[in-house]
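Visitor: Residue numbers (the UniProt record's numbering): 1 to 703. Don't be surprised by glycine CBs; every beta carbon is placed ideally from N, CA and C. One structure coming up, written as structure tokens, with questions to follow.
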């Protein structure tokens, strides 16, 4: 049987690739994806397809800017069309129905769907559970449209045209929490095949290659005959006789550019290894990106180079130049680039231009020597990168460092005693004081009510003058709030102190990619009974589950861009993880990466992390830029390493302090949904800042 060829029209939604994988599994071949403003589209191209799926998306179907060419295709197509959410509303509006506000927004919330068990709903029990993401609803159906399903609040959840092969569903069959989504699409495929057998619809013709530009392609052009240079990772292994803080202070802190990826808290499958490294070796480099100028400044001990390129393309080409031999180690860091990618890099990944960051848009160190602490085995691994020219230097560093660490005569550079508190020279100043922030929340909820977004991750920025030593501040922070993805970055005159509990992306050597988004927070309490109640309250919260689910579906979509069809899975949904100052709701999504897709392309496909944006991502980023009225900078980006062996481990930059030029800043925020209480949302920003407020004995103004 010939596989069906589906045209999938993307209305700039963030769940389209969940549909892509679902359709691929049902049809046996991937759909062709075009955006709703595809310049090369001609209705004559419909002959290449057997059916059409129109995605959800922000906005209203009556607006050409929101619905694009979908209207013309619905009116022209003789083959079956399935509209989802916005697509469903579009089919209904075109045929005379009214689109108006639903009684209440339903974003990421589950409803029982009752139906007639016909057409799309054959072999599906009634009722079944489905996830809804909508603020608008269909009313006043014309006689030409038959209602097939309704929700518990009486709204139309599905329609079929009485004489044309047009179908629509208001709910999201592709969501991880919707039941029987695959069966629904199987029924749509069967409807298509039945019409073809009855000669009521054509069978698709072969389609020319490269007819459309792929809206989700992560294109990369590498030199065709690039010569790789061979390197070897040399290593030494020894017992961990000193703590990580003393080790960093003794070996690396004197470097102007050094990094400590600190797993000061183990648990939940994370935190086994800490990585300490610098760019001071003979192969060391420092890369700093300016996204506005589209250039990367790369500095070594011998030269400075300015490269005009897309940051992610440059990173990929640089990593591709290494042919690497690695030892058999229990960790996947085989040296490479370590540092951060700032939030404003979104202008490359989502084509959303925003404010200019006061810091480099990305800063990475090429670390050719490192110490890796295995907290489980209580061992230290020393690793150094060697080629023919640097081999002697690498071996000498290993031997000298090993001797220093093993010698009983070593005068350890013990860190100075810590003070009880650090002082600010000026009080903390919020970019948006409380009244302004509450107004921004109201504006978010207005946009949500109008169908412009499902969830908006609004943030604020706190700043103060401070002359405290960043190293001292970091040592205190890791005691106040130990986390599995902590980091201390010395980047010249910038210091980044991160207490992040959240994994953005990890990529293993065997090309499995994983993300662990956090959405949902409660403070810890000293009283065990109260603390347990707070945790149980978080686990049972419909609001927090809805927030988390929206980001899970968004991350599934982002990984779906680069994943093998059918490989995206959710192994943990709505789990609760408890840290020193907060309880968090965490989910785990993983996938297997397609052949030919690079680590840099994977990060590009998912950046910025969905837990810091909301969904649909592009439209929501535009709303965020308008409301926040300032750059996020380093905050909300990603921090970690790109290993020479292909492995990646990046955290989301939250709970992170940036210190530079006598000033400090940190971002705080939360996901705004239709269920959000503005006062509670502002209070949540205080909870998330608790470690910093404790460090400086400070608080936010309630003005």
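Quick one: Cα of residue 326 to Cα of residue 69, how far?
Guide: 51 Å
Visitor: For residue 85, name the three-state secondary structure that DSSP assigns.
Guide: coil
Visitor: By the three-class DSSP mapping on this structure, what secondary structure does residue 299 have?
Guide: strand
Visitor: Which whole-angstrom value is the C-beta distance of residue 237 and residue 369, which I expect to be below 8 Å?
Guide: Actually they are not in contact, since the Cβ atoms of residue 237 and residue 369 sit about 15 Å apart, beyond 8 Å.
Visitor: Run through DSSP, which three-state label would residue 396 get?
Guide: helix
Visitor: For residue 349 and residue 145, what's the separation of their Cα atoms in angstroms?
Guide: 40 Å
Visitor: What first and last residue would you give for the alpha helix (DSSP H) that runs through residue 437?
Guide: 434-449
Visitor: State the DSSP-derived secondary structure class of residue 41, mapped to helix, strand or coil.
Guide: Looking at residue 41 - three-state DSSP - the assignment turns out to be coil, as it is neither helix nor strand.
Visitor: According to the neighbour-count rule (16 or more other Cβ atoms, all chains shown, within 10 Å of its Cβ), is residue 566 buried or exposed?
Guide: exposed
Visitor: Just to confirm the assignment, what range does the beta strand (DSSP E) spanning residue 470 have?
Guide: Element bounds for residue 470: not the beta strand (DSSP E) but the alpha helix (DSSP H), 470-480.
Visitor: DSSP three-state label for residue 3, please.
Guide: The answer is coil: DSSP assigns residue 3 none of H, G, I, E or B.
Visitor: By alpha-carbon positions, which one of 687, 416, 458 ends up nearest to residue 432?
Guide: 458
Visitor: Per DSSP, what are the beta-bridge partners of residue 147 in this structure?
Guide: 159
Visitor: My parser needs the beta strand (DSSP E) runs of 3 or more residues fully inside the segment 560-633; what are they?
Guide: 569-578, 582-592
Visitor: Would you kindly report the start and end of the unbroken alpha helix (DSSP H) that includes residue 535?
Guide: 528-540
Visitor: Whether or not the segment 6-19 and the segment 149-169 are in contact is what I'm after, with contact meaning three or more pairs of Cβ atoms, one per stretch, closer than 8 Å; do they touch?
Guide: no
Visitor: Of the choices 696, 616, 20, whose alpha-carbon is the least far from that of residue 421?
Guide: 696
Visitor: By alpha-carbon positions, which one of 38, 683, 48 ends up nearest to residue 31?
Guide: 48
Visitor: Exposed or buried, which one is residue 1 when buried takes at least 16 other CB atoms within 10 Å?
Guide: exposed
Visitor: Give every residue of the same chain whose Cβ lies closer than 8 Å to the Cβ of residue 12, excluding the five residues on either side of it in the sequence, and list them in chain order.
Guide: 35, 36, 57, 58, 616, 618, 619
Visitor: Among the residues of its own chain, which have a CB less than 7 Å from the CB of residue 738, if the five just before and after it don't count?
Guide: Outside the displayed span of the chain (1 to 703) sits residue 738, for which this structure offers no information.
Visitor: Three or more C-beta pairs under 8 Å: does that hold for the segment 504-517 against the segment 587-607?
Guide: Result yes; three or more Cβ-Cβ pairs closer than 8 Å.
Visitor: Going by Cα to Cα distance, which pick from 361, 634, 441, 241 is closest to residue 292?
Guide: 361
Visitor: Report yes if the CB atom of residue 110 is closer than 8 Å to the CB atom of residue 126, and no otherwise.
Guide: no
Visitor: Run the CB neighbour count on residue 435, radius 10 Å, all protein chains shown included, and call it buried at 16 or more, exposed below.
Guide: exposed
Visitor: Run through the segment 260-345 for me and flag every whole beta strand (DSSP E) of 3 or more residues, listed as ranges in chain order.
Guide: 273-278, 285-290, 295-299, 304-308, 322-325, 336-341
Visitor: If I measure Cβ to Cβ from residue 330 and keep anything under 7 Å in the same chain, skipping five residues before and after, which residues do I get?
Guide: 374
Visitor: With DSSP run on the structure shown, which of helix, strand or coil describes residue 122?
Guide: coil
Visitor: Is residue 242 helix, strand or coil when you go by DSSP?
Guide: Correct three-state label for residue 242: coil.
Visitor: Does the contact criterion of 3 or more C-beta pairs under 8 Å hold for the segment 644-663 versus the segment 488-504?
Guide: yes
Visitor: Around the C-beta of residue 728, are 16 or more other C-beta atoms found within 10 angstroms, so that it is buried, or is it exposed?
Guide: As displayed, the chain neither begins before 1 nor continues past 703, which places residue 728 out of reach and without an answer.
Visitor: Compare the Cα-Cα distances from residue 300 to each of 533, 280, 55 and report the closest residue.
Guide: 280
Visitor: How big is the Cα-Cα spacing for residue 684 and residue 544?
Guide: 12 Å
Visitor: Quick check on residue 540: buried or exposed, where buried means 16 or more other Cβ atoms within 10 Å of its Cβ?
Guide: exposed
Visitor: Following the continuous beta strand (DSSP E) through residue 76, name the residue where it begins and the one where it ends.
Guide: Per DSSP, residue 76 belongs to no beta strand (DSSP E); it is in the alpha helix (DSSP H), 70-76.
Visitor: Just how far apart, CA to CA, sit residue 55 and residue 83?
Guide: When the Cα atoms are used, residue 55 and residue 83 turn out to be separated by approximately 6 Å.
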